[in-house]
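Undergrad: Next up is a structure, given as structure tokens.
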Amino acid sequence: MVGSGPARGRVAALDRRSCSGRDRRCREEAGHCLRRQGPPVAVADGGQADSHHGGRDLRGAAMTETLASDALGGGRRAVSARLFCVAMIALLAVGGVVAVSAGSTPMDWRLVVQILGRHLLPDGWVAATGLTRADDLIVWNIRAPRVMLCFLVGASLSVAGAQMQAIFRNPLAEPGLVGVGSGAALGGVLAFTTGAASLATPVLPVSAFSGGLLALLLVYALATRGGYTSASLLLLTGVAVGAVLGSVSAFVISLNLANFQMTQQILFWTMGGLDNRMWVHVWMALPFIAAGLLMAALYARDLDVLAQGEDTAAALGVNVEQVKFVVMIGAALLTGASVAVAGMVSFVGLIVPHGVRLMLGPSHVRLIPASALAGAVFLLLCDFIARTIRAPEELRLGVITALWGGPFFVFLLYRRSIAMRGER
Numbered sequence: 027m028v029g030s031g032p033a034r035g036r037v038a039a040l041d042r043r044s045c046s047g048r049d050r051r052c053r054e055e056a057g058h059c060l061r062r063q064g065p066p067v068a069v070a071d072g073g074q075a076d077s078h079h080g081g082r083d084l085r086g087a088a089m090t091e092t093l094a095s096d097a098l099g100g101g102r103r104a105v106s107a108r109l110f111c112v113a114m115i116a117l118l119a120v121g122g123v124v125a126v127s128a129g130s131t132p133m134d135w136r137l138v139v140q141i142l143g144r145h146l147l148p149d150g151w152v153a154a155t156g157l158t159r160a161d162d163l164i165v166w167n168i169r170a171p172r173v174m175l176c177f178l179v180g181a182s183l184s185v186a187g188a189q190m191q192a193i194f195r196n197p198l199a200e201p202g203l204v205g206v207g208s209g210a211a212l213g214g215v216l217a218f219t220t221g222a223a224s225l226a227t228p229v230l231p232v233s234a235f236s237g238g239l240l241a242l243l244l245v246y247a248l249a250t251r252g253g254y255t256s257a258s259l260l261l262l263t264g265v266a267v268g269a270v271l272g273s274v275s276a277f278v279i280s281l282n283l284a285n286f287q288m289t290q291q292i293l294f295w296t297m298g299g300l301d302n303r304m305w306v307h308v309w310m311a312l313p314f315i316a317a318g319l320l321m322a323a324l325y326a327r328d329l330d331v332l333a334q335g336e337d338t339a340a341a342l343g344v345n346v347e348q349v350k351f352v353v354m355i356g357a358a359l360l361t362g363a364s365v366a367v368a369g370m371v372s373f374v375g376l377i378v379p380h381g382v383r384l385m386l387g388p389s390h391v392r393l394i395p396a397s398a399l400a401g402a403v404f405l406l407l408c409d410f411i412a413r414t415i416r417a418p419e420e421l422r423l424g425v426i427t428a429l430w431g432g433p434f435f436v437f438l439l440y441r442r443s444i445a446m447r448g449e450r
């Protein structure tokens, strides 16, 4: 249970001040979970739990899941997380082979498996029979990088969306709220208009990634006051900075409308897509995405506690400012790297984590890996539709995700309005 004397009174006062109705009942359940955990924790005047009494040990799996369930919704688990992840991995394996097989030049799936096996497995494990150089070039150098980027970008945007929803305690939050997407778009636009994008393949992704990261640092600097960063102020600052950066991008494009070819390139890039991607794009994005996913996994339990409120999280021993900063940096790495290699792909960070939360519950220990896998499957499906629905022509990937995401967003708004009316 939480400390005795002043410590318990402090947490109780916090609960009375911030809870009512269903919220108070949920926190009473959380308190019951705390009473079942180890030794008591003394809370210092600064609001942080005393580490000598095992403050962080209180945040076991049972307690963190109860805490998170109130803030983000999701109810009880209806599906086993392990079964869900196994199903997603199977879909990725089958879907990846199907995606590589499909295209303007259809390939037999057995031939695709044979070529992928030759490159991924040690020599001698896969017999090379009946393969041509053209087959190997199409499968490994053209289609395989695209499928791999579907996996990476889908996982990145989904995990970043789950993190944003936890930070802002809002299931409608998504990665673009803090200006990272607008900053990355501006970086890409500047790379096109200055001619730098044509100098070398890595220039455009690097410019977009740098723009996204700088945008987040600007938002964080403007929203921080006296060492404290308010989530609401961070959200408002992110929206404002994103709008300004979007206006700057539009202004730069308007100055170059006479160059039709360049304007068309910018338009296609901002609409999102994975056409003409090569392994160099995979290797450029992979380190940043891997770092962002690792940070998300390491801070999953802290996000569970933070979802209940910053005061409650601080009383339970979470370094709130550190968690928010690290999680935001991780989300920026994921979003910036994704925009850098795929352009602006919207709604993935909104649809996937929300849907996974409805199936598996709100615990980020399960939500983070499950969202990564489900996001990879979702983007692979969207890219497959974009490639095949009007073959040999392609639709833009961002258009397909928006067609899925727009109605889903309206559904979430309707569902939330119904819930708010029911609580009155």
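Using the working numbering, the letters of the sequence shown correspond one by one to residues 27 to 450. A virtual CB, placed ideally from N, CA and C, is assigned to each residue, including glycine. Given the structure is predicted, the values throughout are model-derived calculations rather than measurements.
Using the C-alpha atoms, what's the distance from Ala-192 back to Leu-329?
TA: Each residue's Cα considered, the two are about 6 Å apart.
Undergrad: Between Lys-350 and Val-120, what straight-line distance do the alpha-carbon atoms span, to the nearest angstrom?
TA: Distance between the alpha carbons of Lys-350 and Val-120: 37 Å.
Undergrad: Could you check which residue in Met-133, Val-353 and Met-310 has the C-alpha nearest to that of Asp-161?
TA: The shortest C-alpha separation from Asp-161 is found at Met-133.
Undergrad: Starting from Glu-347, trace the alpha helix (DSSP H) both ways and give me its first and last residue.
TA: That run of the alpha helix (DSSP H) goes 346–368.
Undergrad: Could you tell me which uninterrupted alpha helix (DSSP H) segments, each at least 4 residues in length, are contained entirely in the region 126–187, listed from first to last along the chain?
TA: Listed in chain order, they are 135–146 and 159–162.
Undergrad: So, for Ile-164: in the same chain, excluding its five sequence neighbours on each side, which residues have a beta-carbon less than 8 Å away from its beta-carbon?
TA: Within the same chain, Ile-164 has close Cβ partners Gly-129, Thr-131 and Met-133.
Undergrad: For Leu-183 versus Gly-401, is the C-beta spacing smaller than 8 Å?
TA: The answer is yes: Cβ separation under 8 Å.
Undergrad: CB Gly-299 to CB Gly-369, shorter than 8 Å?
TA: For Gly-299 and Gly-369, yes; Cβs fall inside 8 Å.
Undergrad: To the nearest whole angstrom, what separates the beta carbons of Val-367 and Leu-423, a pair I think is in contact under 8 Å?
TA: Not really, about 11 Å apart at Cβ, beyond 8 Å.
Undergrad: What does DSSP give as the partner residues of Tyr-254 in its beta bridges?
TA: Looking at the DSSP assignment, Tyr-254 forms a beta bridge with Arg-251.
Undergrad: Following a CB-centred definition, is Leu-142 positioned closer than 7 Å to any heavy atom of the ligand FMN?
TA: With respect to the ligand FMN, the structure offers nothing, as it holds no ligand at all.
Undergrad: With 16 as the cutoff for other CB atoms within 10 Å, does Gly-432 come out buried or exposed?
TA: It counts as exposed.
Undergrad: What is the residue span of the alpha helix (DSSP H) that Ile-377 lies within?
TA: First-last of the alpha helix (DSSP H) with Ile-377: 374–386.
Undergrad: With C-beta atoms as the reference, is Ala-125 less than 8 Å away from Val-179?
TA: Result no, Cβ atoms of Ala-125 and Val-179 do not sit closer than 8 Å.
Undergrad: In the DSSP assignment, find the unbroken alpha helix (DSSP H) run with Asp-328 in it and report its ends.
TA: Unbroken alpha helix (DSSP H) run through Asp-328: 326–332.
Undergrad: Rounding to the nearest angstrom, what Cα-Cα distance links Gly-238 and Leu-157 in this structure?
TA: Taking the straight line from one Cα to the other gives about 43 Å.
Undergrad: What alpha helix (DSSP H) runs, 4 residues minimum, are completely inside the region 220–281?
TA: 229–249 and 257–280, all fully within the region 220–281.
Undergrad: What residue range is occupied by the uninterrupted alpha helix (DSSP H) comprising Arg-413?
TA: Taken as a continuous stretch (DSSP letters only), the alpha helix (DSSP H) holding Arg-413 covers 390–414.
Undergrad: Which of the three DSSP states, helix, strand or coil, is assigned to Leu-198?
TA: Residue state, collapsed to three classes: coil.
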